[in-house]
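To start, the structure under review is shown below, and the notes come after it.
Protein chains: 2
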Amino acid sequence: MTAGQTARERARAELTGAIKDEARRQLAVDGAHQLSLRAVARALGMASSAIYRYFPSRDELLTALIIDAYDALGEAVEAVEPVAEPALWWHAVCTAVRGWALANRHEYALIFGSPVPGYRAPHDTVAPAARIPLALVRVAEAADLPDGDLPAELRAQVEHVLGLAGSTLTPGAMARVMITWTQLFGMIGFELFGQLVGSADPADAFFDHTVREMAAFLGLRSPNVAHAIGPQP
Amino acid sequence: MTAGQTARERARAELTGAIKDEARRQLAVDGAHQLSLRAVARALGMASSAIYRYFPSRDELLTALIIDAYDALGEAVEAVEPVAEPALWWHAVCTAVRGWALANRHEYALIFGSPVPGYRAPHDTVAPAARIPLALVRVAEAADLPDGDLPAELRAQVEHVLGLAGSTLTPGAMARVMITWTQLFGMIGFELFGQLVGSADPADAFFDHTVREMAAFLGLRSPNVAHAIGPQP
DNA sequence: CCAGAGCGAGAGCACTGCTCTCGGTGTGCT
DNA sequence: AGCACACCGAGAGCAGTGCTCTCGCTCTGG
């Protein structure tokens with residue numbers, strides 16, 4: 070894939086990657102707020118102004134990191150191997166999301182926390198962002214989920230989403246997937262941002278139980294042999 | 070209430086309030102990231118160094134704003150008048166939360182988005198933060214919710230929370246309240262932070278439907294349906 | 001082989017949070 | 001009433017930031 074590139078192009082791609090890597094390193098340590106272009110340049114031994122040859126602004130660098138984070142999370146989720154029993158598969162996918170979030174909390178905060186710059190350009194991020202809910206849809210499709218009554222307006226929206234996703238789910242089932250989707254990220258966000266500190270502070274048990282409850286809400290049959298296969302640490 | 074205060078104390082309280090008001094104004098316009106102590110001082114016609122007589126750092130100012138925001142949201146939620154039918158009351162409370170969030174999105178992002186400074190001091194904020202989940206608990210107490218099976222570890226946590234909240238709910242019901250709590254804020258956060266942009270973008274219908282579904286999940290009878298199916302533990 | 005695009009470095013601007021010092025002023029105690 | 005002291009506002013200053021501009025050097029396509 071690097072064939073046909075001039076030396077300059079290769080150097081540019083390499084340096085772009087190095088800048089992102091260093092930025093990601095600082096992001097993981099100090100958070101998005103502390104990320105400084107000058108500090109990145111300093112760590113790379115280059116003048117701060119040279120960074121602007123690769124990223125026109127700090128926000129553009131952050132946007133690039135956001136897209137990469139979406140992709141990393143998407144890959145982590147898609148790496149979950151399908152299991153015949155949808156409830157178990159569901160549990161594995163949810164656990165993968167949480168595991169990635171806990172392991173990369175600043176990157177998670179970058180994509181699911183409050184938008185850091187004035188406003189994010191949504192169009193570059195919407196495609197990689199869709200990978201995670203799509204993974205949830207794939208699990209749901211493996212089960213035979215009942216439909217459900219939906220108000221007309223919502224039904225139209227959901228059917229449009231079904232078209233985008235190329236999914237065979239019924240609108241009622243898709244709506245429930247969307248509900249569990251928001252629940253999952255709400256719970257993980259609360260855990261990461263300290264909102265559970267007074268209640269379900271070590272959130273493992275709460276997370277595990279909630280995922281099961283949401284699976285039941287979705288319509289996935291819950292495997293009552295809980296001790297057979299436990300959650301991955 | 071201002072009796073017994075010296076002129077200096079009154080002036081100090083007044084200026085402290087003025088600083089917070091101006092900061093809140095800038096927050097609402099530009100977001101937390103853009104909030105600048107110097108700009109606040111400039112707007113108030115004072116030297117930037119004088120601000121530090123009232124707030125020792127920018128983060129302290131933000132923390133004060135966070136606590137105020139929690140209280141404002143708490144008041145908005147507690148201002149919801151109880152209704153005899155719990156499902157309706159529930160709906161009103163959830164709608165109040167969303168309404169406040171939409172009307173004060175930067176303040177909402179400040180408290181429920183990613184923690185802006187290195188790390189926030191949690192202990193000053195945990196008390197006002199508890200007002201919102203407590204309001205949800207109060208609604209749940211008005212209904213006769215069934216219990217549910219809980220793993221031992223989670224059950225212990227939930228019972229501890231019940232003690233803190235002084236609630237008469239069963240552990241199973243309390244756990245479901247916590248699940249719906251995280252769902253509610255996950256959904257609102259997704260709407261505010263643009264995560265629903267490709268799917269349920271005008272989120273009114275989705276929100277409305279989800280609140281009803283979560284009420285049914287909780288065990289509140291839906292007012293429009295004769296006898297909704299209760300949750301299955 | 002050479003014009004022009006790409007590139008790195010440095011200086012510089014306007015801004016930030018924060019500190020320190022310096023006078024003036026209101027306050028509580030004697 | 002007088003006074004010591006804590007409090008307060010202003011200004012200068014430090015270190016850091018994002019970003020721009022200009023200057024030479026180098027690699028590249030024609």
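Chains A and B, in that order, are what the protein sequence lines are. Under the working numbering, read the first sequence as residues 70 to 302, first letter to last. Under the working numbering, read the second sequence as residues 70 to 302, first letter to last. We put the CB at the ideal spot given by N, CA and C, even for glycine.
Report all residues from its chain with a CB closer than 7 Å to the CB of residue i; omit the five preceding and five following residues, and keep chain order.
i, result
"A:R107", "S117"
"B:R94", "none"
"B:T85", "Y123"
"B:V208", "P155, W158, W159 and V162"
"B:F254", "F181"
Considering only residues of the same chain and omitting the five flanking positions on each side of residue i, which have a CB-CB separation below 8 Å?
i, result
"B:I88", "V109, L113, I120, Y123, F124 and L130"
"A:A141", "W169, N173 and E176"
"A:P215", "T239, G241, A242 and G288"
"A:M279", "Residue 279 of chain A is actually Thr in this sequence, not Met. Correct list, in chain order: Q252 and M256."
"A:V146", "V162, A165, V166, W169, R200, I201 and A204"
Within a Cβ cutoff of 6 Å, which residues of the same chain sit near residue i, ignoring the five residues on either side of it in sequence?
i, result
"B:A272", "E260 and L265"
"B:L205", "V246 and W250"
"B:P200", "For the record, residue 200 of chain B in the displayed sequence is Arg; it is not Pro. For B:R200, where only same-chain residues beyond five positions count, the Cβ hits under 6 Å are G143."
"B:A211", "P155"
"B:H160", "V280"
"A:L96", "L104 and H175"
Step through the CB atoms of chain B and report whether any lies within less than 8 Å of the CB of residue i.
i, result
"A:G143", "no"
"A:P220", "yes"
"A:T279", "yes"
"A:Q226", "yes"
"A:R252", "With the sequence shown as reference, residue 252 of chain A is identified as Gln, and Arg is not the correct amino acid for it. Judged by the 8 Å Cβ criterion, A:Q252 is in contact with chain B."
"A:L303", "Any question about residue 303 of chain A goes unanswered here, given that chain A covers just 70 to 302."
"A:S236", "no"
"A:V206", "no"
"A:P184", "yes"
"A:V162", "no"
"A:V230", "yes"
Could you give the DSSP three-state label for residue i: helix, strand or coil?
i, result
"B:D216", "coil"
"A:F262", "coil"
"A:G288", "coil"
"A:P202", "helix"
"A:A133", "helix"
"A:G182", "coil"
"B:G267", "coil"
"B:P197", "helix"
"B:A170", "helix"
"A:G187", "In this predicted model, A:G187 has a pLDDT of only 49, less than 50, meaning its place in the structure is not dependable; the value taken from the coordinates is given anyway. Three-state DSSP puts A:G187 in coil, outside helix and strand."
"B:E151", "Checking the sequence, you will find Pro at residue 151 of chain B rather than Glu. DSSP places B:P151 in coil when its eight states are reduced to three."
"A:T75", "coil"
"A:A272", "coil"
Can you have a look at residue i and say buried or exposed, based on whether 16 or more other CB atoms are within 10 angstroms of its CB?
i, result
"A:S183", "buried"
"A:G187", "With a pLDDT of 49 at A:G187, under the threshold of 50, the predicted position of this residue should be treated as unreliable, though the coordinate-derived value follows. Exposed, since its Cβ has fewer than 16 Cβ neighbours within 10 Å."
"B:T237", "exposed"
"A:A82", "exposed"
"A:D277", "buried"
"A:P151", "exposed"
If we define contact as Cβ-Cβ less than 8 Å, is residue i a contact residue for chain A?
i, result
"B:E210", "no"
"B:V246", "no"
"B:A199", "yes"
"B:A274", "yes"
"B:A269", "yes"
"B:E129", "no"
"B:E282", "yes"
"B:V98", "no"
Identify every run of the alpha helix (DSSP H) within the segment 86-129 of chain B, keeping only runs that are complete inside it and at least 4 residues long; order them along the chain.
Annotation: the segment 86-129 of chain B contains the following complete segments of the alpha helix (DSSP H) (minimum length 4 residues), in chain order: 106-113 and 117-120.
Within the segment 225-263 of chain A, note down every full beta strand (DSSP E) run reaching 3 residues or more, in order along the chain.
Runs found: none.
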